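Structure first, commentary second.
In mature numbering (1 follows the signal peptide of the UniProt record, and there is no 0), the protein residues as written are -24 to -1, 1 to 447.
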């Protein structure tokens, strides 16, 4: 049971990472009898092996005869790799093949040519033997990484769901926060919630379930389709945020009302196009089990538009900053400050949320740097929803002001009763804060002219500045 779970965790590690290189590593028995029952990746691996074998025999015919002196081992194909003529007493080595998903191409294969000019033979079966043991991915260190990445993914997406649901509830509860920009926030939050839920279901029900992956049911691929769709929706709603700010600040000069139906079409509708194309081409040309493999360029059908959206968004935001710096000095300070904070939040998120599409192909080959890279990248990827909730909600000044006002209103409702009678005057004591939505947080005192008693102050909001004062 423990070994089975270990294998499943390794499959998870392969799924979460790039495919790094489950056959015995030191075996030359490369053609099992029942190939049809194998997963798609193994069939693909054997096709790679067949191509490599053809190239090897062709190369052996093209190379000139051995030119050295003394005994040597003849060029050969060992079943997995091609070996050139090698002088006696030399240990040849080359990188492991990538035929199978549990083979690590960064490790080395060795083959020894003995002093008599014969390839080393294994003592158990007296057959020529190449040492593929380092290629096998079942090592304690990699298994530990697989366990850590598994729980990192579960914790990250669970925390993202928790914080995003709270954030979405805050935006729904405080009706006064309702505006087009917050509507865009809520849609983006919803995409991250749904995406995290799908990923957790996928990690818990699909990836560890070897029997399910082997059977390759349609439901497994439908789940993958929705995962890719929601992932694309994440980034296109981020693009909607950038387009909205660009239109608001650069084009419409702070005119807030825009037609949101175009944003809904871009955020929810357009991602269906690349996702559907990817699903069709995947089914036709790379129909692996449950579509778990990332070893296909077909993923760029989805990742390409996502990368384009991130690049366009980034240039939009640079243009917004340019306009803000040059023109917003003439506008009200509070309004300028509000837009600057919105732009800063989006500028932070664009590179943060798109980092895996920008630097993912350049994983360091060094083992220690590679491990650091893995933990850093997966921390950023799995905690994306958490970062969105923190930056757009919990660090939002408007939300803080509304929480403060709501807290004070609860206190006043419990401890304060306004006196009745005609001889009660209200005096404005002080303006406390000008909020970004145009409201003024103020403090007033109730004073009875008959009893000459003053009552507890409280906080509120007013819109019309002409009403401030005694009345």
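Positions of the beta carbon are idealized from the N, C-alpha and C atoms, including for glycine.
What you are looking at is a predicted structure, and each value in this text was computed from that prediction instead of being measured.
In three-state terms, what does DSSP make of residue 112? Within the chain shown, numbered from 1, the residue matching residue 112 stands at position 136. In this structure, residue 112 counts as strand in the three-state DSSP scheme.
Under 8 Å Cβ to Cβ from residue 128, same chain only, skipping five residues before and after it: list those, please. What you label residue 128 is simply residue 152 of the chain shown in a count that begins at 1. Correct list, in chain order: 351, 354, 355, 358.
For the segment 117 to 128 and the segment 185 to 203, state whether three or more C-beta atom pairs, one from each stretch, are separated by less than 8 Å. no
Could you pull the start and end residues of the beta strand (DSSP E) that residue 254 belongs to? By 1-based counting over the chain shown, the position of residue 254 is 278. Residue 254 -> not in any beta strand (DSSP E); alpha helix (DSSP H) instead, spanning 248 to 261.
For the alpha helix (DSSP H) that residue 364 lies in, which residues bound it at each end? Within the chain shown, numbered from 1, the residue matching residue 364 stands at position 388. Segment 360 to 365, the alpha helix (DSSP H) holding residue 364.
For residue 227, does the count of other Cβ atoms within 10 angstroms reach 16, so buried, or fall short, so exposed? Counted from its first residue, the chain shown places residue 227 at position 251. Exposed is the call here.
Assuming residue 222 contacts residue 296 under a Cβ cut-off of 8 Å, what Cβ separation, rounded to an integer in Å, is found between them? Looking up residue 222 in the chain shown gives position 246. Looking up residue 296 in the chain shown gives position 320. Sure, about 6 Å apart at Cβ, within 8 Å.
Status (buried if at least 16 other CB within 10 Å, exposed otherwise) for residue 374: Residue mapping note: residue 374 aligns to position 398 of the chain shown, counting from 1. Counting Cβ neighbours within 10 Å, residue 374 comes out buried, since at least 16 surround it.
Helix, strand or coil for residue 57, going by three-state DSSP, please let me know. Translated into positions along the chain shown, residue 57 becomes position 81. If DSSP states are grouped into helix, strand and coil, residue 57 belongs with coil.
I need the DSSP call for residue 213, collapsed to helix, strand or coil. For the purposes of this step, residue 213 is taken as the residue at position 237 of the chain shown. Three-state result, residue 213: helix.
Relative to the C-alpha of residue 161, which candidate in 65, 364, 382, 377 has its C-alpha closest? The sequence position of residue 161 within the chain shown is 185, counting from 1. Minimum Cα distance to residue 161 is reached at 364.
Going by C-alpha to C-alpha distance, which of 387, 139, 377 sits closest to residue 152? Within the chain shown, numbered from 1, the residue matching residue 152 stands at position 176. The residue with the shortest Cα to Cα distance from residue 152 is 377.
Tell me whether residue 159 counts as near the ligand NAD, meaning its Cβ is closer than 8 Å to at least one heavy atom of that ligand. The ligand NAD is absent from the structure shown, which contains no ligands of any kind.
Whether residue 56 touches residue 73 by CB criterion (9 Å): By one-based count along the chain shown, residue 56 stands at place 80. By one-based count along the chain shown, residue 73 stands at place 97. Going by C-beta atoms, residue 56 is nearer than 9 Å to residue 73.
Would you check if the segment 92 to 111 and the segment 131 to 138 touch, i.e. whether three or more CB-CB distances between them fall below 8 Å? no
Who does residue 68 pair with in a DSSP beta bridge? Position 92 of the chain shown holds residue 68. Bridge partners of residue 68: 87.
Within the continuous alpha helix (DSSP H) that includes residue 79, where are the two ends? Within the chain shown, numbered from 1, the residue matching residue 79 stands at position 103. Taken as a continuous stretch (DSSP letters only), residue 79 belongs to no alpha helix (DSSP H), as it is neither H nor E.
Please report how far the alpha carbon of residue 47 lies from the alpha carbon of residue 58, in whole angstroms. Here residue 47 refers to the residue found at position 71 when the chain shown is read from its first residue. Here residue 58 refers to the residue found at position 82 when the chain shown is read from its first residue. C-alpha separation (whole angstroms): 20 Å.
Using the beta-carbon count (16 or more within 10 Å), is residue 149 buried or exposed? Walking along the chain shown from the start, residue 149 turns up at place 173. Burial call: exposed.
Taking the C-alpha atoms as reference points, what is the distance between residue 132 and residue 360? The count along the chain shown starts at 1 and reaches residue 132 at position 156. The count along the chain shown starts at 1 and reaches residue 360 at position 384. Approximately 8 Å, taken between the alpha carbons.
According to DSSP, is residue 450 helix, strand or coil? No statement about residue 450 is possible, as the shown extent of the chain runs from -24 to 447 and does not include it.
Would you report the Cα separation of residue 453 and residue 87, rounded to the nearest angstrom? Absent from the model: residue 453. The displayed extent of the chain is -24 to 447, so no value can be given.
Decide if the segment 237 to 257 is in contact with the segment 202 to 214; the criterion is three or more beta carbon pairs, one per stretch, under 8 Å apart. yes
Nearest to residue 40 (by Cα), restricted to the options 282, 60, 294: Counting from one through the chain shown, the residue named residue 40 turns up at place 64. The option with the nearest alpha carbon to residue 40 is 60.
Would you mind stating whether residue 326 and residue 274 have Cβ atoms separated by less than 9 Å? Position 350 of the chain shown, counted from the first residue, corresponds to residue 326. Position 298 of the chain shown, counted from the first residue, corresponds to residue 274. In this structure, residue 274 does not lie closer than 9 Å to residue 326 by Cβ.
Mapping the DSSP letters down to three states, classify residue 48 as helix, strand or coil. In the chain shown, the residue the question calls residue 48 occupies position 72. Residue state, collapsed to three classes: strand.
Do you know how far the Cα of residue 379 is from the Cα of residue 76? Against the chain shown, residue 76 aligns to sequence position 100. Against the chain shown, residue 379 aligns to sequence position 403. Approximately 55 Å between the Cα atoms of the pair.
Residue 63 versus 54, 89, 156, 78, residue with shortest Cα-Cα distance: By 1-based counting over the chain shown, the position of residue 63 is 87. Of the candidates 54, 89, 156, 78, the one whose C-alpha sits nearest the C-alpha of residue 63 is 89.
Within a Cβ cutoff of 6 Å, which residues of the same chain sit near residue -15, ignoring the five residues on either side of it in sequence? One-based indexing of the chain shown puts residue -15 at position 10. Low confidence applies here, because residue -15 scores a pLDDT of 44, under 50, leaving its location unreliable; read the following figure in that light. For residue -15, where only same-chain residues beyond five positions count, the Cβ hits under 6 Å are 122.
With a Cβ-Cβ cutoff of 9 Å, do residue 250 and residue 277 count as a contact? Residue numbering aside, residue 250 sits at position 274 when the chain shown is read from its first letter. Residue numbering aside, residue 277 sits at position 301 when the chain shown is read from its first letter. In this structure, residue 277 lies closer than 9 Å to residue 250 by Cβ.
Is the shortest distance between the beta-carbon of residue 47 and the beta-carbons of chain B less than 9 Å? The structure shown contains no chain B; it holds only a single protein chain.
Opposite residue 454 in the DSSP bridges: which residues? The structure shown does not extend to residue 454, since the chain spans only -24 to 447, so no value can be given for it.
Using a Cβ-Cβ cut-off of 6 Å (strictly less than) and excluding sequence neighbours within five positions of residue 290, which residues of its own chain qualify? For the purposes of this step, residue 290 is identified with residue 314 of the chain shown, where counting begins at 1. So the list reads 326, once near-sequence residues are dropped.
Beta carbon of residue 172, beta carbon of residue 134: below 9 Å? Here residue 172 corresponds to residue number 196 of the chain shown, with the count starting at 1. Here residue 134 corresponds to residue number 158 of the chain shown, with the count starting at 1. Yes; because the gap between Cβ atoms is below 9 Å, this pair is in contact.
Tell me which same chain residues have a C-beta within less than 7 Å of the C-beta of residue 159, skipping the five on either side of it? On the chain shown, residue 159 is found 183 positions in, with the first residue counted as 1. Contacts found: 236.
Nonlocal neighbours in the same chain, by C-beta distance under 8 Å from residue 84, ignoring five residues either side: Here residue 84 refers to the residue found at position 108 when the chain shown is read from its first residue. Answer for residue 84: 69, 70, 71, 72, 110, listed in chain order.
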